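Protein chains in written order, with the working numbering: chain B, 282 to 635; chain A, 4 to 248; chain X, 42 to 109.
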């Protein structure tokens, strides 16, 4: 495939279509509008269905119905809209429904701002809805990676019968980058004998998350728990850059990781510091072991977590590093994006303390 | 002698959990019989159960069923129908589910002319949760959240779903019926069949509002509840066809 | 001649069938109770039954079968 210049949102939508997603239900909200817009143009061209719902609450429930009917289906939104979808996501987890939710995070809380942010980390990884549940969360750092992770997201959703989230941000959605689009999926979509109205159905299909008897609900929760352990075992993804014998480790994901990568390179020249970068690609399941391994190196004196928020992933960084090394945080919320200069200033103050 | 009346195969063998004399049971039977008489076969029917007294409907209708979040059945049904346009898709909802939390979903499903059929059971109260006031509770009606009687100055008037939705272009068939006596039960079945037929013919959205009793939370014996419905609910919720194209 | 049979164990003794019967031949068993503790409906004079199925149509638990 030749490389073409594509906007993040549109590339993500096209990737979904390439892997056989034929149903999209969404609602307008900046900064992800190009996803529903693109889908509204493309879905009819591929015999799919785009429908704009009356609200995000309705949209996620349309996705619930379509997924329960055996379709490969997705929705997208941005922070406030994702908050509205949390109940629906919890229901889909309870009913074991595969679906993909894309969140192009914007400044919060409340109406917040429309610029890029990472302030939905807790909501995504700790579950913004009710009940014991988890979502595999993929955090791409480039449009190319976002395209590739969409294919992974749908497969993971089907493999484990669980909703999956792709966590981007306003910048990732809006920037245009050269993209090598993924190939059209050739193999047929997986069979779903549990789904409603499908030819491969085995007896009466019941899509439900109600277990009125507590002992049955308990067993159902344990079944879901075993699923999460399986996902944790198989689906952790992380990238480490220049961590060998690093003095300081940066930990960042998504857009923030790209800026940190540049800061790490400049720190070598300007501060004489070997700075490595640990970039979680799955925010859940989180790469605790890999991060701990990097931090355990004798050379590493300090771990700096950088986010576009007031600090959420830093909790997981502390869990991974615990008391091995000092962990500090730098971030800017509300849609402000930390600059390379900001990070270098923080690294230099760390250097003085070393 | 031949059997002239027996339980439809469109209902499973699971006994209903409804309170004695609750007319949900009658409505389940009517919907099941109407579905069976469509002749499309159980495997080509997908129903969506609400949250409310009918939350266990997925145990009763002998076809594929989905349990929707409270108020969201029309959205779930929309998702299903878009994936399986050839299947008969219906939602079965109570007044709290449809006229309160799910008002946006039903209005927009109707406005879209979604080719689904909604059975809207209106008993003017929240049954499952113990008798709270519903959007369809009558002025002056005493409930556990309107202990002094529904005060319209304070919390407004009953929501008239058939009247509202029939203003839209999307619906093909909207009728309000009741099940308070044998004659009306027969009429209700005819209405449900017409609504399902409108769906099968692809005419658009269809809804049947069925006035129903709640002996337990109305605090009335079953037969008196039927009388209360006739004397109090019908004047507030006039029966009849509100939309037919 | 017609005949109705009750799936007694599923009857909740609600009495709607009694009210619906045009021939007024139904009643709730005065003494007998079913496994759930309800007085099930029963027919006092089957010979007067005309098989109209009004009882069956008003039964919320679909426990009545009608033959004619």
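Backbone N, C-alpha and C define an ideal beta-carbon position, used for all residues, glycine too. Predicted, not measured: the structure shown is a model, and the values here were computed from it.
Practice task
For the alpha helix (DSSP H) holding residue 48 of chain A, just list the boundary residues, first then last.
Solution key: What you label residue 48 of chain A is simply residue 45 of the second chain in a count that begins at 1. Where residue 48 of chain A is concerned, there is no enclosing alpha helix (DSSP H), although the beta strand (DSSP E) it sits in stretches over 48-52.
Exercise for the section: With a cut-off of 8 Å on the beta carbons, I'd call residue 616 of chain B and residue 398 of chain B a contact; round off their distance for me. Expected result: By one-based count along the first chain, residue 616 of chain B stands at place 335. By one-based count along the first chain, residue 398 of chain B stands at place 117. About 6 Å; that satisfies the 8 Å criterion.
Handout entry: Straight-line Cα distance separating residue 436 of chain B from residue 471 of chain B
Key = Within the first chain, residue 471 of chain B is the residue found at index 190, counting from 1. Within the first chain, residue 436 of chain B is the residue found at index 155, counting from 1. C-alpha separation (whole angstroms): 9 Å.
Problem - Element boundaries [beta strand (DSSP E), containing residue 176 of chain A] - result: For the purposes of this step, residue 176 of chain A is identified with residue 173 of the second chain, where counting begins at 1. 174-181 is the extent of the beta strand (DSSP E) around residue 176 of chain A.
Problem - Cα-Cα separation between residue 610 of chain B and residue 405 of chain B, rounded to whole angstroms - result: Numbered from 1 along the first chain, position 329 holds the residue referred to as residue 610 of chain B. Numbered from 1 along the first chain, position 124 holds the residue referred to as residue 405 of chain B. For residue 610 of chain B and residue 405 of chain B, the distance between alpha carbons rounds to 20 Å.
Practice task
Using a Cβ cut-off of 8 Å (strictly closer), state whether residue 332 of chain B contacts chain A.
Solution key: Along the first chain, read from residue 1 onward, the residue named residue 332 of chain B stands at position 51. Residue 332 of chain B counts as touching chain A.
Practice task
Going by CA-CA distance only, name the one from B/520, B/504, B/565, B/391 that's closest to residue 559 of chain B.
Solution key: If you number the first chain from 1, residue 559 of chain B lands on position 278. Looking at the Cα atoms, B/520 is the closest of the given residues.
Practice task
Go ahead and pull the three-state DSSP assignment for residue 630 of chain B.
Solution key: Translated into the one-based positions of the first chain, residue 630 of chain B becomes position 349. Helix at residue 630 of chain B.
Practice task
Would you check if the stretch 482-492 of chain B and the stretch 315-334 of chain B touch, i.e. whether three or more CB-CB distances between them fall below 8 Å?
Solution key: no
Handout entry: Cβ-based neighbour list, residue 27 of chain A, same chain, cut-off 7 Å, excluding 5 preceding and 5 following
Key = Here residue 27 of chain A refers to the residue found at position 24 when the second chain is read from its first residue. The residues are 21, 56, 57, 124, 215.
Practice task
May I ask you to verify whether the stretch 231-243 of chain A touches the stretch 166-181 of chain A, counting CB pairs closer than 8 Å and requiring at least 3?
Solution key: yes
Handout entry: residue 4 of chain A at chain X interface by Cβ criterion, 8 Å
Key = Indexing the second chain from 1 puts residue 4 of chain A at position 1. Answer yes: the Cβ-Cβ gap between residue 4 of chain A and chain X drops below 8 Å somewhere.
Exercise for the section: Can you tell me which of the three DSSP states residue 247 of chain A falls into? Expected result: Position 244 of the second chain, counted from the first residue, corresponds to residue 247 of chain A. It is a strand residue.
Handout entry: Closer than 9 Å at the beta carbon, the chain B residues around residue 69 of chain A
Key = The count along the second chain starts at 1 and reaches residue 69 of chain A at position 66. Here the neighbours are 345, 346, 349, 350, 376, 477, 486, 487, 488, 489.
Practice task
Using a threshold of 8 Å, state whether the C-beta atoms of residue 535 of chain B and residue 449 of chain B are closer than that.
Solution key: In the first chain, residue 535 of chain B corresponds to position 254, counting from 1. In the first chain, residue 449 of chain B corresponds to position 168, counting from 1. Yes, the pair counts as a contact, with Cβ atoms nearer than the cut-off.
Problem - Given 8 Å, three or more beta-carbon pairs between the stretch 332-351 of chain B and the stretch 89-108 of chain A - result: yes
Handout entry: Buried or exposed by the 16-neighbour rule on C-beta atoms within 10 Å, applied to residue 158 of chain A
Key = As a first step, residue 158 of chain A must be located in the second chain, where it is residue number 155. So residue 158 of chain A ends up on the exposed side.
Handout entry: Run of the alpha helix (DSSP H) containing residue 562 of chain B, from where it starts to where it stops
Key = Here residue 562 of chain B refers to the residue found at position 281 when the first chain is read from its first residue. Segment: none, residue 562 of chain B is in no alpha helix (DSSP H) and carries neither H nor E.
Problem - For residue 68 of chain X, the three-state DSSP class (helix, strand or coil) - result: Counting from one through the third chain, the residue named residue 68 of chain X turns up at place 27. Residue 68 of chain X: strand per DSSP, three-state reduction.
Problem - Coil, strand or helix - residue 385 of chain B by DSSP - result: The residue you call residue 385 of chain B lines up with position 104 of the first chain. Note: residue 385 of chain B maps to strand in three-state DSSP.
Exercise for the section: Check the Cβ of residue 97 of chain X against every Cβ in chain A and list those closer than 7 Å, keeping chain order. Expected result: For the purposes of this step, residue 97 of chain X is taken as the residue at position 56 of the third chain. Near residue 97 of chain X (Cβ distances below 7 Å), the residues of chain A are 8.
Exercise for the section: Output yes if chain A places a C-beta closer than 8 Å to the C-beta of residue 295 of chain B; else output no. Expected result: Residue 295 of chain B sits at position 14 when you count from the first residue of the first chain. Judged by the 8 Å Cβ criterion, residue 295 of chain B is not in contact with chain A.
Problem - Residue-chain proximity (residue 481 of chain B, chain A), Cβ-Cβ < 8 Å - result: Locating residue 481 of chain B in the first chain gives position 200, where the first residue counts as 1. Residue 481 of chain B does not count as touching chain A.
Handout entry: Contacting positions in the stretch 142-164 of chain A - beta carbon closer than 7 Å to chain X
Key = none
Handout entry: is_contact[residue 497 of chain B, chain A] using C-beta, thresh 8 Å
Key = As a position in the first chain, residue 497 of chain B is number 216, starting the count at 1. Judged by the 8 Å Cβ criterion, residue 497 of chain B is not in contact with chain A.
Exercise for the section: Taking the CB atoms as reference points, tell me whether residue 76 of chain A and residue 92 of chain A lie closer together than 8 Å. Expected result: Residue 76 of chain A sits at position 73 when you count from the first residue of the second chain. Residue 92 of chain A sits at position 89 when you count from the first residue of the second chain. No, the Cβ-Cβ distance between residue 76 of chain A and residue 92 of chain A is not below 8 Å.
Exercise for the section: Rounded to whole angstroms, what's the CA-CA distance from residue 455 of chain B to residue 41 of chain A? Just pull it up for me. Expected result: One-based indexing of the first chain puts residue 455 of chain B at position 174. One-based indexing of the second chain puts residue 41 of chain A at position 38. In a straight line, the C-alpha of residue 455 of chain B is about 50 Å away from that of residue 41 of chain A.
Practice task
State yes or no: is the beta carbon of residue 358 of chain B nearer than 8 Å to at least one beta carbon in chain A?
Solution key: Reading the first chain from its first residue, position 77 is the one you call residue 358 of chain B. So no, residue 358 of chain B is outside the interface.
Handout entry: Whether residue 608 of chain B touches residue 584 of chain B by CB criterion (8 Å)
Key = As a first step, residue 608 of chain B is located in the first chain; it is residue number 327 there, counting from the start. As a first step, residue 584 of chain B is located in the first chain; it is residue number 303 there, counting from the start. Going by C-beta atoms, residue 608 of chain B is nearer than 8 Å to residue 584 of chain B.
Problem - Distance between residue 57 of chain X and residue 91 of chain X (C-alpha atoms, nearest Å) - result: Taking the first residue of the third chain as 1, we reach residue 91 of chain X at position 50. Taking the first residue of the third chain as 1, we reach residue 57 of chain X at position 16. Their Cα atoms are separated by approximately 18 Å.
Practice task
Check whether the Cβ atoms of residue 541 of chain B and residue 624 of chain B sit closer than 8 Å, and answer yes or no.
Solution key: On the first chain, position 260 is the one that residue 541 of chain B refers to. On the first chain, position 343 is the one that residue 624 of chain B refers to. Yes.
Exercise for the section: Give the single residue among B/524, B/350, B/551, B/467 whose Cα lies nearest to the Cα of residue 86 of chain A. Expected result: Position 83 of the second chain holds residue 86 of chain A. Of the listed residues, the one whose Cα sits closest to residue 86 of chain A is B/350.
Problem - Same chain, Cβ closer than 6 Å to residue 598 of chain B, five either side skipped, listed in chain order - result: Walking along the first chain from the start, residue 598 of chain B turns up at place 317. Counting only Cβ-Cβ distances below 6 Å, and skipping sequence neighbours, we find 532, 586, 608.
Exercise for the section: Taking 8 Å as the cut-off, decide whether the C-beta atoms of residue 431 of chain B and residue 293 of chain B are in contact. Expected result: Position 150 of the first chain holds residue 431 of chain B. Position 12 of the first chain holds residue 293 of chain B. It is a contact, given that the beta carbons lie within the stated cut-off.
Handout entry: Per-residue DSSP class, three states only, for residue 87 of chain A
Key = In the second chain, counting from the first residue as 1, residue 87 of chain A sits at position 84. Residue state, collapsed to three classes: coil.
Handout entry: Distance, residue 120 of chain A Cα to residue 66 of chain A Cα
Key = In the second chain, residue 66 of chain A corresponds to position 63, counting from 1. In the second chain, residue 120 of chain A corresponds to position 117, counting from 1. Approximately 15 Å between the Cα atoms of the pair.
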